[in-house]
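Residue numbers (this note's numbering): 20 to 254.
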């Protein structure tokens with residue numbers, strides 16, 4: 020019931036579906052290359068990376084991959100010591116109404132993301148988490164074409180995260196309860212943190228510079244913040 024890569028460097032160039040009943044394991048130092056917008060949808064949990072070397076999941080600079088959706092998997096997925104890059108999200112010519120916003124997506128599941136780098140991501144969200152429980156710890160986001168993190172109707176924690184060169188929002192919340200702690204933002208082109216649709220957000224110890232808008236609360240959301248330092252934030 021455990022699924023492993025046969026080779027330490029594996030190319031996937033078309034869409035892939037993994038049903039329930041398995042555990043997908045990508046070991047430390049392995050490299051998974053997605054090309055031709057290839058996208059993986061999994062109803063089984065994933066264990067990616069570990070302490071013995073960085074795992075790579077990437078597209079190519081001139082041939083992007085799509086990404087991954089882990090959905091309706093009760094067991095915890097864990098991602099650690101991994102780098103994601105050159106991913107552009109899901110594209111469907113058959114059913115354009117079937118939309119997956121992120122490069123790495125979690126729907127109705129549980130996930131821990133630790134010591135992970137997202138760089139050169141071209142989807143609407145680098146991470147999209149929907150109706151799930153999560154922990155995001157000690158990650159970095161750099162050169163993100165739209166939102167870095169999008170959290171919808173989910174509960175969790177975001178700690179020790181760095182955001183650099185994000186074209187849209189750093190973190191976008193909808194209907195969620197989340198604690199944000201000791202994170203840094205640099206050159207965020209829209210909102211550093213956006214809370215909407217009755218979210219309850221606790222923010223402690225964040226630093227932001229050279230960005231457009233700071234903390235935005237709307238749609239009946241409640242935001243508590245302390246130890247916030249802004250330098251060169253327009254709004």
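By construction, the Cβ of each residue, glycine as well, lies at the ideal position given by its N, Cα and C atoms.
Quantities reported herein were computed from a predicted structural model and do not represent experimental measurements.
Is it the case that the Cβ atoms of residue 204 and residue 178 are separated by a distance below 9 Å?
no
What are the boundary residues of the beta strand (DSSP E) that residue 116 is part of?
Per DSSP, residue 116 belongs to no beta strand (DSSP E) and is neither H nor E.
What does the Cβ neighbour count give for residue 192, buried or exposed, with the cut at 16 atoms within 10 Å?
buried
May I have a chain-ordered list of the beta strand (DSSP E) segments no shorter than 3 residues that lie completely inside the region 80 to 124?
86 to 90 and 96 to 106
Using only CA atoms, which one of 231, 96 and 196 lies nearest to residue 207?
231
Cβ-Cβ distance between residue 134 and residue 156 below 9 Å
yes
Quick check on this structure: which residue in 194, 220, 254 and 111 has the alpha carbon closest to the alpha carbon of residue 245?
220
Looking only at its chain, what residues have a beta carbon closer than 6 Å to the beta carbon of residue 55, apart from the 5 residues adjacent to it on each side?
32
Contact check, residue 90 vs residue 114 under 8 Å by CB: the rounded distance?
Actually they do not touch by this definition, with Cβ atoms about 16 Å apart.
Under the rule that 16 or more other beta-carbon atoms within 10 Å means buried, what is residue 93, buried or exposed?
exposed
Out of curiosity, what's the CA-to-CA distance linking residue 35 and residue 88?
11 Å
Let's see if you can read the secondary structure: which residues bound the beta strand (DSSP E) around residue 164?
From DSSP, residue 164 is part of no beta strand (DSSP E); its letter is neither H nor E.
What does DSSP give as the partner residue(s) for residue 254 in the beta ladder?
BP columns for residue 254 are empty, so no partner.
Please report how far the alpha carbon of residue 200 lies from the alpha carbon of residue 233, in whole angstroms.
15 Å
Going along the chain, which residues of its own chain have a beta-carbon closer than 6 Å to the beta-carbon of residue 60, five neighbours each way excluded?
36 and 88
Who are the Cβ neighbours of residue 149 in its own chain at under 6 Å, not counting the five residues just before and after it?
126 and 171
So for residue 70, helix, strand or coil by DSSP?
coil
Using a Cβ-Cβ cut-off of 6 Å (strictly less than) and excluding sequence neighbours within five positions of residue 139, which residues of its own chain qualify?
104, 105 and 162
Classification of residue 109 by the beta-carbon crowding that lies within 10 angstroms, buried from 16 upward
buried
Along the chain, where does the beta strand (DSSP E) that runs through residue 184 open and close?
181 to 185
Give every residue of the same chain whose Cβ lies closer than 6 Å to the Cβ of residue 107, excluding the five residues on either side of it in the sequence, and list them in chain order.
83, 141 and 142
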